[in-house]
Structure formats: C-alpha cells, structure tokens
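In our numbering, the protein residues as written are 3 to 496.
By construction, the Cβ of each residue, glycine as well, lies at the ideal position given by its N, Cα and C atoms.
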C-alpha cells in the first residue's frame, strides 16, 4: 500500500480527532485500526491520529509527528491549552474545545502542502463543533464516531426532536429523587422500558447533567444535518431496534460496525495510565473462571464508607479477585493505605493494581466475572469475551447500559442502588451478589447468555456478517465522497 502519492493517484487519508477522555480515545483508535485492516487490499490508506497535549507556554504550539512502524498510522502531538487544567465545569471544557479549530485548519493545510492531503475527518461526536466547521470550510467529509450505545444515541435523537419527550422532561425525571423508580418510558420505539434512574445523568464533582444533555442535543442536530455519516460501536444483533430506527429515521447514514476490540499497545496505545502487566502472570496461576475482575473505570468515586463495605463484601465472598484500585477512586483514603488493606485481608486470594490491561484481563481464561461501572467500552469488552457482569453504574450512560445488561441481554446482576447520593450498598448485599455471579446457578445461566452474545459478536465480522457488510458500505461511501481521492495541485491552499 502506498504511503505517498503522485499526481492522480488514488488514496484515502483519514485525520482522527478524539475527545480527550479515556473512554473516548480507545474506541477511536480501535476504529482507525479496523479501517486500516479492512482497507489494505483496496488501495492506499493512511491514518493520522491527534494526541492532545498541554503546551508549556503560550509560544509552545507546535505539531510533532510520530510514525507507526508500518507508516500507515502516524500520531501528531497537537497543542490544546486547557487539556491539563482542572476546569470548573464541563461547559467550560466544551467551550475550550473550540480553540482547536484554528490549529486543526493549519494542520490540514500543512498536509495539503507537504504530505498527503486529508480526504476525510473521523472525529468524536463530542468534538462536533470545531471539527464539522473545519470540514465544511475545507470541503472535506466528516464521519462522527459515537462512543456510547445505539440506544443512547436514539435517546438523544428523541430529545432533540422535542416530540416524544423533551430535555425538560428528562431533567425533571432525573432530578426527582423521590420518583427514581418510576417508569420514564415503556413503549417508545427502539427503547426498552426505562426508569427515571436509568436516564444518563452527569453528577460527579459538579452536576453537569443539563450541560451535557443540551450539548449532546446541539451536537446531534449538527451531525444529523451536516456530517457525512455516523459510526457506532455496536452491532445489529445486539441492539436491533435502536440500530434499525437510527438507520431508517436519521438524515445521515448511520453505520453500526462494531464491536471494536482491537488490542492497543505500543505505538497505538491510548491508555492515559500505565498498565500493570504483572496481573497477567497472577491470572495465569488461577483456576479457570475463578477470578472476579473489579474495575470502576477512570471516573467513578467511592466514599470511604462505601469502599469499606465493598471490601468487606469482596473478602467475605471468599472469591479470588483482581482489583483495579486507581488513585482517586476512594475519597479520604490514599492509594497505598487502601491497597495494603486489601492485600492484607485477602489471604492470597487477591491481586491489586492501579491500572490493568483490561482487554487482556477479560480475555483470560481464569476470569469468570466482572464487577464493573458499566461504561460502554467495558460493556462491549465483556460481551466480546463472554464475561458476565455485576453492575455498579456511577453516572453518564452507565445506568442505561446496566439496564440492558440485566434485563435485555440477561448477562448480569445489579445492586439495588449505586452511584446515588447518600445510599450505601451494604457488604452483605455485595457478598451475596458476588457469590451468585461466581458460583451460583444464576451465575451459570448468565455466563451461558454472555457466551451466546460473544458468539454473535464474533460472527458479525465473518463472511456476510452484519458489521462486515456495513463496514464495506461505509468504506465505499468514504471513497465515493472524495471521488477516490485524486491528488491535484489545488490540494495546497494558502
């Protein structure tokens, strides 16, 4: 495959722009690797992936390039002044994203004059406003990558239409704590029965729920009217109703071409923390399906009291466990103290790391269950490896994902309350749930259901599989949109 072109040669050059958060970086890189893999026999494709970094001073706004070993993927360090700052709210962060537009325009013009002209932007849904504006100004097609479920996007679509329900109705349902167990929707096409407490809320350090819902609505309206296509990390057999409705009702093509579980390491790693590989050696020594993997992702916070109840429940369950105890997970307890307490009480049944190579962990034969925050990446990685889930949702789309895991796919269990102010999940409930998942008859049924979903997910990229067919259609669409990417001298504009 050619990496440079001469006059008139056919090529694709994808510029990938992520949203700078762990749960968004990984799926974008995986999708880029998927494109490279499936395009290798069709023509010439290069991917340039942006890595945001905070400049040291106002004068430090340079780009720097790092090529992957096969030169088909390169990474560009891209200055983002507010990337490392503790911004007071998500609204401030969303506003700060707009500052990348000028630099993005300059980078594309640089490629036009000195390298391979950019023919397509593939950007995170959350970066819609700066990236769509650049794409429109330069006449480049933009594909929006939505990193949550199809059902979550369908929920946004309904709210943006202000017909089935409005943002005000969503906000009222989320904020009415005494009505959290009431039904929000029960017969909305494409969606399952959802309770008020299942709706995505964004109460973390600050309450940014309205901010995110309104931002998502504006972003979706822009995508649905101006983007070339939208890509989802799901597959038809997993969310048939939502995928079908989005495909039929949206103004732009929507391609469900998941699941993406490409391994990322070395030059393609997107982990914002160092992964502790020692846990794999420990897993090698454990019996098949005997280990409970515990990870709450990159954002969840637990109170000291909840951590102590969780620790009691895990220890009392008498199960082997691998626990990801990242710094910042627990209020008022430093990492070293918490780690030492877990190890001292585990009687050699447990292993603690501050970050793990999660895909390798979930694919390991000794792992039999996953106590998870139910982020979408973690959810699909569990599905792809047939691992049942003990759901501990915290915020964002996690409660909605848990609803699917438990009620729709029947591959998990859920506690009565998690991520809700003032409520403590007691150690006895935790112990009971862990035992049910790991050694009970119910756990065996959930494991069989998870394995069945694993089989369906793997079939999607086999010959005539739904995701493979749609990926082929997407690639043809990309080629058509740029008229096969014919390079001409007009690609360089001052």
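Contact check, residue i vs residue j, beta carbons under 9 Å
i, j, result
"residue 36", "residue 16", "no"
"residue 305", "residue 369", "no"
"residue 248", "residue 299", "no"
"residue 380", "residue 237", "no"
"residue 316", "residue 294", "yes"
"residue 340", "residue 309", "yes"
"residue 26", "residue 213", "no"
"residue 34", "residue 124", "yes"
"residue 50", "residue 95", "no"
"residue 188", "residue 196", "yes"
"residue 312", "residue 427", "yes"
"residue 30", "residue 48", "no"
"residue 448", "residue 413", "yes"
"residue 257", "residue 475", "yes"
"residue 329", "residue 479", "no"
"residue 301", "residue 206", "yes"
"residue 279", "residue 458", "no"
"residue 105", "residue 80", "yes"
"residue 241", "residue 151", "yes"
"residue 45", "residue 92", "no"
"residue 345", "residue 355", "no"
"residue 336", "residue 303", "no"
"residue 411", "residue 385", "yes"
Option nearest residue i by Cα separation, candidates the options
i, options, result
"residue 349", "323, 280 and 199", "323"
"residue 260", "233, 25 and 126", "233"
"residue 444", "400, 251, 379 and 416", "416"
"residue 219", "189, 210, 163 and 257", "163"
"residue 82", "391, 198 and 97", "97"
"residue 172", "345, 198 and 278", "198"
"residue 432", "407, 405, 456 and 393", "393"
"residue 158", "244, 114, 174 and 123", "244"
"residue 204", "484, 217, 273 and 195", "217"
"residue 160", "91, 252, 460 and 106", "252"
"residue 314", "429, 111, 482 and 40", "429"
"residue 1", "54, 151 and 375", "The structure shown does not extend to residue 1, since the chain is modelled only from 3 through 496, so no value can be given for it."
"residue 226", "186, 215, 156 and 79", "156"
"residue 194", "405, 56, 436 and 441", "405"
"residue 186", "382, 402 and 23", "402"
"residue 455", "382, 446 and 235", "382"
"residue 211", "174, 318 and 111", "174"
"residue 524", "437, 434 and 377", "In this structure the chain extends from 3 to 496, so residue 524 is not present and cannot be described."
"residue 28", "434, 246 and 52", "52"
Environment of residue i [buried if 16+ CB atoms lie within 10 Å]
i, result
"residue 263", "buried"
"residue 320", "exposed"
"residue 120", "buried"
"residue 178", "exposed"
"residue 139", "exposed"
"residue 388", "buried"
"residue 342", "exposed"
"residue 484", "buried"
"residue 492", "Only weak support is given to the placement of residue 492: the predicted model assigns it a pLDDT of 45, under 50, and the question is left unresolved by the model."
"residue 61", "Model confidence at residue 61 stands at a pLDDT of 49, short of 50, so the residue's coordinates are unreliable and nothing is read from them."
"residue 472", "buried"
"residue 270", "buried"
"residue 153", "buried"
"residue 425", "exposed"
"residue 109", "buried"
"residue 18", "buried"
"residue 21", "buried"
"residue 122", "buried"
"residue 366", "buried"
"residue 352", "buried"
"residue 208", "exposed"
"residue 477", "buried"
"residue 289", "exposed"
9 Å Cβ cutoff, residue i in contact with chain D
i, result
"residue 142", "In the displayed structure, chain D is absent; only one protein chain is listed."
Problem - Touching by the beta-carbon criterion (3+ pairs, under 8 Å), the region 142–156 and the region 212–232 - result: In short, these stretches touch, since the Cβ pair count reaches three.
Problem - At least 3 beta-carbon pairs within less than 8 Å: the region 324–331 vs the region 273–293 - result: yes
Exercise for the section: Inspect the CB distances between the region 162–169 and the region 355–365 and report whether three or more fall short of 8 Å. Expected result: no
Exercise for the section: Entirely within the region 268–304 and at least 4 residues each: give me those alpha helix (DSSP H) ranges in chain order. Expected result: If we require 4 residues or more, the alpha helix (DSSP H) runs fully inside the region 268–304 come out as 280–286.
Practice task
Would you list, in sequence order, the uninterrupted beta strand (DSSP E) runs of no fewer than 3 residues that lie entirely inside the region 170–234?
Solution key: 185–187 and 231–234
Practice task
Would you check if there are 3 or more beta carbon pairs closer than 8 Å linking the region 394–414 to the region 464–483?
Solution key: These segments do not touch.
Exercise for the section: Could you tell me whether the region 122–134 touches the region 180–196, using the rule of 3 or more Cβ pairs below 8 Å? Expected result: Flag = no, the region 122–134 and the region 180–196 do not touch.
Handout entry: In chain order, each alpha helix (DSSP H) run of at least 4 residues that lies wholly inside the region 319–359
Key = 337–347
Exercise for the section: Please list the segments of the alpha helix (DSSP H) lying wholly inside the region 414–447, counting only runs of 4 or more residues, in order along the chain. Expected result: 429–441
Problem - Every unbroken alpha helix (DSSP H) within the region 70–142, with a cutoff of 4 residues, ordered by chain - result: 92–99, 102–116 and 130–140
Problem - Any alpha helix (DSSP H) of 4 or more consecutive residues that is wholly inside the region 36–60 - result: Taking only runs of at least 4 residues, no alpha helix (DSSP H) segment lies wholly in the region 36–60.
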